[in-house]
Amino acid sequence: MTFCGYHPAMSAGLAEFGEGVAKSTLLKAEAAGRTIDEHIDVELIQLKALIDELNAVENRSSESELLANARVLKGLALVCEACFLSGRGINDVEQFQEHFTAEFAKYGELVKELEDAYEGCAPGTSIKERTKVGVGTAIGEIPLAVR
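Quick note, the working numbering runs 89 ahead of the 1-based positions in the sequence shown.
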């Protein structure tokens with residue numbers, strides 16, 4: 090249970106978050122007079138700065154609440170970065186929204202695949218090995234038939 094198990098609400102929450110990021114991005118691009126692709130580049134620069142600052146917070150702080158908040162924001166920033174990176178070259182509003190919908194649906198499926206593979210390991214398998222199998226299966230490094 091790497092994420093305490095899987096529930097479809099997890100995927101739904103990711104989908105809703107992705108929809109919000111897509112809508113906000115389109116509004117910001119329009120307001121700045123940029124194409125979607127141009128704005129993706131701006132978002133990636135801003136995300137890199139955010140991730141760098143959150144890494145710096147992690148390195149300079151030992152306060153548990155600060156660290157927890159920084160890690161949450163960093164995780165969300167990394168998710169957004171992955172989606173923007175795979176969306177480069179898109180300049181059509183509908184295609185951009187479809188891309189975000191598909192990517193965030195995929196992220197929910199990754200969580201499900203991770204959990205299914207983790208839970209599918211033989212009884213007595215160590216947490217470390219279950220996690221390795223779960224991650225490998227979810228990211229496509231380990232074919233389903235091998236686990």
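Glycine included, each C-beta is placed from N, C-alpha and C at the ideal position.
Residue j beta carbon less than 8 Å from that of residue i
i: G102; j: C172; result: no
i: V60; j: L115; result: A question about residue 60 goes unanswered here, because the residues of the chain that appear run from 90 up to 236.
i: V110; j: F189; result: yes
i: S175; j: E192; result: yes
i: L136; j: K163; result: no
i: A211; j: V222; result: no
Where the alpha helix (DSSP H) through residue i begins and ends
i: P212; result: Looking at the DSSP string, P212 is not in any alpha helix (DSSP H), and its letter there is neither H nor E.
i: P97; result: 97 to 121
i: R219; result: 216 to 228
Nearest-angstrom beta carbon gap, residue j and residue i [assumed within contact, 8 Å]
i: E170; j: L133; result: 7 Å
i: G178; j: D126; result: 6 Å
Option nearest residue i by Cα separation, candidates the options
i: G197; options: P97, S215, I231; result: P97
i: E147; options: D141, L156, R219; result: L156
i: S100; options: S113, L203, G122; result: L203
heavy atom of the ligand FAD below 7 Å from residue i C-beta
i: E147; result: By its list of ligands, the structure shown contains no ligand whatsoever, and the ligand FAD lies outside what it can speak to.
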